[in-house]
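There are 2 protein chains.
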Amino acid sequence: MTRPVTIALDAMGGDHGPSVVIPGAALTLERRPDARFVIFGDEREVAPQLDAHPKLKAVTAFHHTEVSVKMDDKPSQALRYGRYKSSMWRAIDATKTGEADVTVSAGNTGALMAMSKFCLKSMPQVDRPAIACLWPTVRGESVVLDVGATIGADAQHLVDLAVMGAAMARVVFDIDRPSVGLLNVGVEEIKGVEAVKEAGRILRESGLPHLDYHGFVEGDDLGKGTVDVVVTEGFTGNIALKTAEGTAKQIGEYLRAAMGRSLMSKIGYLLARGAFSALKEKMDPRKVNGGVFLGLEGIVIKSHGGTDAVGFASATELGYEMARENLMAKVREMVAATARPGAAPAEPQQVASGE
Amino acid sequence: MTRPVTIALDAMGGDHGPSVVIPGAALTLERRPDARFVIFGDEREVAPQLDAHPKLKAVTAFHHTEVSVKMDDKPSQALRYGRYKSSMWRAIDATKTGEADVTVSAGNTGALMAMSKFCLKSMPQVDRPAIACLWPTVRGESVVLDVGATIGADAQHLVDLAVMGAAMARVVFDIDRPSVGLLNVGVEEIKGVEAVKEAGRILRESGLPHLDYHGFVEGDDLGKGTVDVVVTEGFTGNIALKTAEGTAKQIGEYLRAAMGRSLMSKIGYLLARGAFSALKEKMDPRKVNGGVFLGLEGIVIKSHGGTDAVGFASATELGYEMARENLMAKVREMVAATARPGAAPAEPQQVASGE
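Note that the protein sequences, when read in sequence, are chains P and S. Anchor point for the first sequence: position 43 equals 217 in the numbering used here, and the numbering is continuous, going up by one each time. Anchor point for the second sequence: position 91 equals 265 in the numbering used here, and the numbering is continuous, going up by one each time.
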């Protein structure tokens, strides 16, 4: 029998706080009965929610916290007033001390990343952390990173992203040698920025055992699922992610408008309702909620701040899986196995944690 | 009465050459009866096509060329063997000499940009050219640039892009003060790269009369149509464009699969066929085909290389409109009206024309 997975939750994170986090955790428990929880938050708000979910309460260690990080605070502000005592910090610290296996928060990304770095520290060989997401494709899902932790990347940082992304893909997709592509503006070797070209050269020549370097991919390869792991720096990755989300919403609106414009199409819609709800399910952004912080000495999952209980449960389950499959050990092993050539130290600009 | 618009065509560009270019031009003529054409290409391939479209032939000046630029040649190669004599060069040159008002080619982007720069030259105040596209949104369309001419941008180049994009938006949307947003990873002022922040400061403080600076926008604002003009550097812009195209295709596949999976949904599909074809039309990438080269002393339109006659006609009509509304004069006027602060000269890396 495997030991249970313990998930630390920042109950005060997100636009709706405990009223989404606690029902979300209860949903997770229904689907992952061996999950255990450590929850941090203001007991005046959390206790009534926990009372409403007795099964969850029975497997939860709850800790009262007075301080909550606000959604619009700068990372430096949040660190100043929230370090050591906020629900966000304490949830991260629970993963550091080993009380929990993974931390999940819907709190503000910048503050969460700054506190995670401060509390957990970066892995020895990784200069900068990254945020990875699971991107839905026509073939299933791909790991895409960095979607917003760090702006700008030199070749070595891109190689680090490739290695960490491949470790995550091994865990999520259960394949030994995930294929990895570098996001670029053209598939020909002549195109693109120097750092991307250089990273491609390193990956091609390094012969890493647990990574199958595919070459360059373009924006439209994301939806095609051309590779298991797509690597790019955080500015472009964040914009690609939000562009795809926006395009999906846009087409959803077109579809609604088209189906409502005549009696025939309304009848057709009713008959095909099952098909449409399957489609809606497929396009539901709540199902792919959860950014995984990689490169730190512990796993932290960032949920969308505006999501509901279903979305928060997706993020929490993603955390559960990452912990259950021992993502940290896989990342450590792969990073350690990567010989680092004498590249100049990366000095990219920090976004999520900087001012 | 207005004078006719003359369009120079590179008949040998694209994956299918004259078999797409000539029928595409004929389609354009049907919809824009006052269009005139100057066509360059190999007469062995072009003449039979022109004979098949007598109305087009009657308003076309055809010039035989022996040399055709290949789709996979590097820009430097294409320049070496194709300068002065290829169909691509001569089509560009026709706009330079004034024989034509605009040039359209489906040939390889890098070669087309390199030849356009060499032949037409950059505008005096613009350091680097850009490629702008019309992006479909839920509210209509937006101008998005740069989608792949130049990788990397300093603040001044982003300001140039804003000014040129606004000029194009004035022409296309017929509004006096288009709203302009800078693509960034967050709407808060604290986020993003230095160049984007600095460009935002310049645009906010410059008080340009024909441009309404909105602030930062994110990837999902593209589909929403939050602003009339979205400005970003070419790497991110190209990836955002292809990501959106890929996402639209992906959802189209989901939709087809969903509608085919049960008898009920098939019947529903048949009843709602009109709605679906309206949707398909809305999502048809051929309708938004055409990248506009900005920042040069003449207008060149790049069509997708793999498109068909309908798609090529879209690019040609876009060129027609840009010429009819006198885009060049509007860009010149707006660029000249923009005071350039003492910014360091831009030295971004060239993509479309570089090796």
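Glycine included, C-beta positions come from ideal geometry on N, C-alpha and C. Predicted, not measured: the structure shown is a model, and the values here were computed from it.
When the beta-carbon positions are compared, methionine 297 of chain S and glutamate 507 of chain S stay at least 8 Å from each other. Boundaries of the alpha helix (DSSP H) around valine 220 of chain P: 217 to 226. In the three-state reduction of the DSSP assignment, proline 310 of chain S falls in the strand class. Residue contact with chain S for leucine 201 of chain P: absent (no Cβ-Cβ distance below 8 Å to any residue of chain S). Within 7 Å of the CB of leucine 429 of chain P, the CB atoms of chain S belong to Leu453, in sequence order along the chain. Taking a Cβ-Cβ cut-off of 9 Å, the neighbours of arginine 435 of chain P in chain S comprise Gly448, Ala449, Ala452, given in sequence order. Of P:Gly493, P:Phe390, P:Arg460, P:Glu219, the smallest CA-CA separation from isoleucine 473 of chain P is found for P:Gly493. Within the same chain, Gly284, Ala285, Ala288, Ser527 come within 6 Å of proline 249 of chain S by CB-CB distance, once the 5 residues on both sides are set aside.
Of all residues in the stretch 256 to 272 of chain S, none has a C-beta nearer than 8 Å to a C-beta of chain P. In terms of Cα proximity to arginine 460 of chain P, the closest of P:Ala446, P:Ser477, P:Leu444, P:Phe450 is P:Ser477. When the beta-carbon positions are compared, valine 405 of chain P and glycine 355 of chain P come within less than 8 Å of each other. Along the stretch 400 to 429 of chain S, the positions whose C-beta sits under 8 Å from a C-beta of chain P are Thr406, Gly408, Phe409, Thr410, Asn412, Ile413, Ala414, Leu415, Lys416, Thr417, Ala418, Glu419, Gly420, Thr421, Ala422, Lys423, Gln424, Ile425, Glu427, Tyr428, Leu429, read in chain order. By the rule that beta-carbons nearer than 8 Å mark a contact, threonine 311 of chain S touches chain P. In this structure, the beta-carbon distance from methionine 262 of chain S to aspartate 184 of chain S falls below 8 Å.
DSSP links glutamate 315 of chain P through a beta bridge to P:Pro310.
Listed along the chain, the chain S residues whose CB falls inside 8 Å of the CB of valine 354 of chain P amount to none; the nearest CB is some 17 Å away. Per DSSP, the continuous beta strand (DSSP E) segment holding serine 353 of chain P begins and ends at 353 to 357. Alanine 280 of chain S is positioned such that its CB atom lies no closer than 8 Å to that of valine 179 of chain S.
Neighbours of lysine 398 of chain P in chain S, taken as residues whose beta carbon is under 7 Å from its own, are Gly420 in chain order. Setting aside the 5 residues that flank it on each side, phenylalanine 409 of chain S is surrounded in the same chain by Ile325, each with a C-beta closer than 6 Å to its C-beta; the list follows chain order. As a beta-bridge residue in DSSP terms, valine 179 of chain P pairs with P:Ala209. In this structure, DSSP gives glycine 434 of chain P a state outside helix and strand, which the three-state scheme calls coil. Using beta-carbon distances, serine 316 of chain P does not count as an interface residue toward chain S, since no partner is under 8 Å.
Contact note: glycine 188 of chain S does not reach chain P at a C-beta cutoff of 7 Å; the least C-beta distance is about 17 Å.
Among the residues of chain S, those whose CB is under 7 Å from the CB of methionine 438 of chain P are Leu445, Ala446, Gly448, following chain order. Relative to threonine 417 of chain S, the option among S:Leu224, S:Glu372, S:Val321 whose CA is nearest is S:Val321. C-alpha of aspartate 216 of chain S to C-alpha of proline 192 of chain S: approximately 9 Å in a straight line. The secondary-structure analysis by DSSP pairs serine 260 of chain S across a beta bridge with S:Val241.
For aspartate 328 of chain S, the closest Cβ of chain P is not nearer than 8 Å. Phenylalanine 214 of chain S is positioned such that its CB atom lies no closer than 8 Å to that of threonine 176 of chain S. Taken atom to atom, the span from the alpha-carbon of methionine 245 of chain P to that of asparagine 282 of chain P is near 5 Å. Alanine 449 of chain S is a Cβ neighbour of serine 439 of chain P, given a cutoff of 8 Å. Burial state of tyrosine 387 of chain P is buried, judged by a 10 Å Cβ sphere holding 16 or more other Cβ atoms.
In this model, glycine 469 of chain P and arginine 344 of chain P are separated by some 16 Å (Cα to Cα).
Under the criterion of beta carbons closer than 8 Å, alanine 483 of chain P and leucine 201 of chain P qualify as touching, at roughly 6 Å.
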